[in-house]
Amino acid sequence: EAQVTQNPRYLITVTGKKLTVTCSQNMNHEYMSWYRQDPGLGLRQIYYSMNVEVTDKGDVPEGYKVSRKEKRNFPLILESPSPNQTSLYFCASSLSPLGQGVTYEQYFGPGTRLTVT
Amino acid sequence: KNEVEQSPQNLTAQEGEFITINCSYSVGISALHWLQQHPGGGIVSLFMLSSGKKKHGRLIATINIQEKHSSLHITASHPRDSAVYICASLNFGNEKLTFGTGTRLTIIP
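Chains A and B supply the protein sequences, listed in that same order. Under the working numbering, the residue at position 60 of the first sequence is numbered 60, and the numbers go up by one with no gaps. Under the working numbering, the residue at position 53 of the second sequence is numbered 53, and the numbers go up by one with no gaps.
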């Protein structure tokens, strides 16, 4: 089954304790992206990747790191989480970069609800 | 900086009604993305369009590049259409998406 998986789905942690949220897709997609969703602010893009070893900042990259060492995985790293990073996080993938003429849909993961105390 | 606005924020309608959700943006874009977020939180892509109109089942999306405006229409609405509908603009020259805050649609049987 074609899908985007995220782990963990729920996480409660403390300020400053490094964490990684994993994202994996099994569709051989080139494009992957991370978003956070907050009440009243909606979805905001954190980082995106157009292919292996190619990543770029979205609108709210501060406090986050990403890597794309293999096509299927795109982990989101919080080196020193803070309470303002409490949010619902979504990973998504697409066959090709969204703006490359042929516009493919994005497939979203189920979300990771992170609470930083 | 591109700003994306949706209207209305909330919409309640009777089953069978024709629904229109609007999205406007402030700068030129390469494409407009419509998403649906289910009550359980899952997100599904509906459309990505850069001109004209696209149709999928009872859903129709249109975009007017000159007016910087897009609409999502639902014909013969059904309670299962109840969800939050989100539009997002794709910037020229990169893959950055800027999202609207969503329209919460409730269809009453």
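Every residue, glycine too, gets a C-beta built ideally from N, C-alpha and C. If you're wondering where the values come from, they're calculated on a predicted model, not measured in any experiment.
Next item on the list: Thinking A/Ile149 and A/Lys65 are a contact (beta carbons under 8 Å), I'd like their distance in whole angstroms, please.
Entry: Residue 149 of chain A lies beyond the stretch modelled for chain A, which goes from 1 to 117, so this question has no answer here.
Check: Where does B/Asn22 sit, in a helix, a strand or coil, going by DSSP?
Finding: Position 22 of the second sequence, counted from the first residue, corresponds to residue 22 of chain B. Residue state, collapsed to three classes: strand.
Next item on the list: For B/His69, collect the residues of the same chain with a Cβ closer than 6 Å to its Cβ; drop the 5 residues on either side in sequence, then sort them by chain order.
Entry: As a position in the second sequence, residue 69 of chain B is number 69, starting the count at 1. Once the five neighbours on either side are set aside, the close Cβ partners of B/His69 are Ser24.
Check: Quick one: Cα of B/Gln14 to Cα of A/Asp56, how far?
Finding: What you label residue 14 of chain B is simply residue 14 of the second sequence in a count that begins at 1. What you label residue 56 of chain A is simply residue 56 of the first sequence in a count that begins at 1. The straight-line gap from Cα to Cα measures roughly 44 Å.
Notebook entry, point to check: Taking Cβ positions, are B/Ile19 and B/Ile74 nearer each other than 8 Å?
Noted result: Walking along the second sequence from the start, residue 19 of chain B turns up at place 19. Walking along the second sequence from the start, residue 74 of chain B turns up at place 74. If you check the CB distance, B/Ile19 and B/Ile74 come in under 8 Å.
Margin query: Can you give me the C-alpha to C-alpha distance between A/Ser87 and B/Leu90, rounded to a whole angstrom?
Written below: Walking along the first sequence from the start, residue 87 of chain A turns up at place 87. Walking along the second sequence from the start, residue 90 of chain B turns up at place 90. The alpha-carbon separation between A/Ser87 and B/Leu90 amounts to approximately 23 Å.
Note to self: Does chain B have any CB closer than 8 Å to the CB of A/Glu105?
What the structure shows: Locating residue 105 of chain A in the first sequence gives position 105, counting from the first residue. Judged by the 8 Å Cβ criterion, A/Glu105 is in contact with chain B.
Next item on the list: Kindly indicate if chain B contains any beta-carbon less than 8 Å away from that of A/Phe90.
Entry: In the first sequence, counting from the first residue as 1, residue 90 of chain A sits at position 90. Yes - at least one Cβ of chain B is within 8 Å of the one on A/Phe90.
Notebook entry, point to check: Is there at least one Cβ from chain B nearer than 8 Å to A/Met27's Cβ?
Noted result: Sequence index remark: in the first sequence, residue 27 of chain A carries index 27 (1-based). So, not an interface residue.
Notebook entry, point to check: Do we get a CB-CB distance below 8 Å when we pair A/Arg44 with the residues of chain B?
Noted result: One-based indexing of the first sequence puts residue 44 of chain A at position 44. True, the Cβ-Cβ gap to chain B drops below 8 Å.
Next item on the list: Would you mind telling me which residues of chain B sit closer than 8 Å to A/Tyr10, beta carbon to beta carbon, in chain order?
Entry: Looking up residue 10 of chain A in the first sequence gives position 10. Under a criterion of Cβ atoms nearer than 8 Å, no residue of chain B is adjacent to A/Tyr10; the nearest Cβ is some 12 Å distant.
Next item on the list: Check each residue of the region 45-65 of chain A: if its Cβ is closer than 8 Å to any Cβ of chain B, include it; give the result in chain order.
Entry: Gln45, Tyr48, Met50, Asp56, Gly58 and Asp59
Item checked: Selection from B/Arg80, B/Leu49, B/Phe92 and B/Gly93 that minimises the alpha carbon distance to B/Leu72 -> In the second sequence, residue 72 of chain B corresponds to position 72, counting from 1. Per the Cα distances, B/Leu49.
Next item on the list: At 7 Å on the CB atoms, spell out the chain B contacts of A/Pro110, in chain order.
Entry: For the purposes of this step, residue 110 of chain A is taken as residue 110 along the first sequence, with counting starting at 1. Those are Gly42, listed as they occur along chain B.
Check: Going along the chain, which residues of its own chain have a beta-carbon closer than 7 Å to the beta-carbon of A/Phe90, five neighbours each way excluded?
Finding: Residue numbering aside, residue 90 of chain A sits at position 90 when the first sequence is read from its first letter. Only Tyr35, Gln37, Phe108, Gly109 and Gly111 meet the Cβ criterion.
Notebook entry, point to check: Closer than 7 Å: is that where the CB of A/Phe74 sits relative to any heavy atom of the ligand COA?
Noted result: This structure lacks the ligand COA; in fact it carries no ligand of any kind.
Item checked: Same chain only: Cβ atoms within 7 Å of A/His29, ignoring 5 sequence neighbours per side -> Locating residue 29 of chain A in the first sequence gives position 29, counting from the first residue. So the list reads Ser93, Ser94 and Leu95, once near-sequence residues are dropped.
Check: Is A/Asn84 helix, strand or coil by DSSP?
Finding: The count along the first sequence starts at 1 and reaches residue 84 of chain A at position 84. In the structure shown, A/Asn84 adopts helical secondary structure according to DSSP, grouped into three states.
Next item on the list: Taking only the alpha-carbon atoms, compute the straight-line gap between A/Gln85 and A/Gln106 and give it to the nearest angstrom.
Entry: Residue numbering aside, residue 85 of chain A sits at position 85 when the first sequence is read from its first letter. Residue numbering aside, residue 106 of chain A sits at position 106 when the first sequence is read from its first letter. Roughly 24 Å between the two C-alpha positions.
Notebook entry, point to check: Of all the residues that make up the region 10-41 of chain B, which are near chain A by a beta-carbon distance shorter than 7 Å?
Noted result: Ser30, Ala31 and Gly41
Notebook entry, point to check: Ordered along the chain, which non-local residues of its own chain (more than five positions away) have a Cβ less than 6 Å from that of B/His33?
Noted result: Along the second sequence, one-based indexing puts residue 33 of chain B at 33. If we look at B/His33 and ignore the five residues flanking it on each side, its Cβ neighbours are Met48 and Ala88.
Item checked: Near-chain A residues of the region 70-88 of chain B (beta-carbon distance less than 8 Å), N- to C-terminal order -> Ile86 and Ala88
Notebook entry, point to check: Are any of the Cβ atoms in chain A nearer than 8 Å to that of B/Thr98?
Noted result: Here residue 98 of chain B refers to the residue found at position 98 when the second sequence is read from its first residue. Closer than 8 Å to some Cβ of chain A, the Cβ of B/Thr98 qualifies, so yes.
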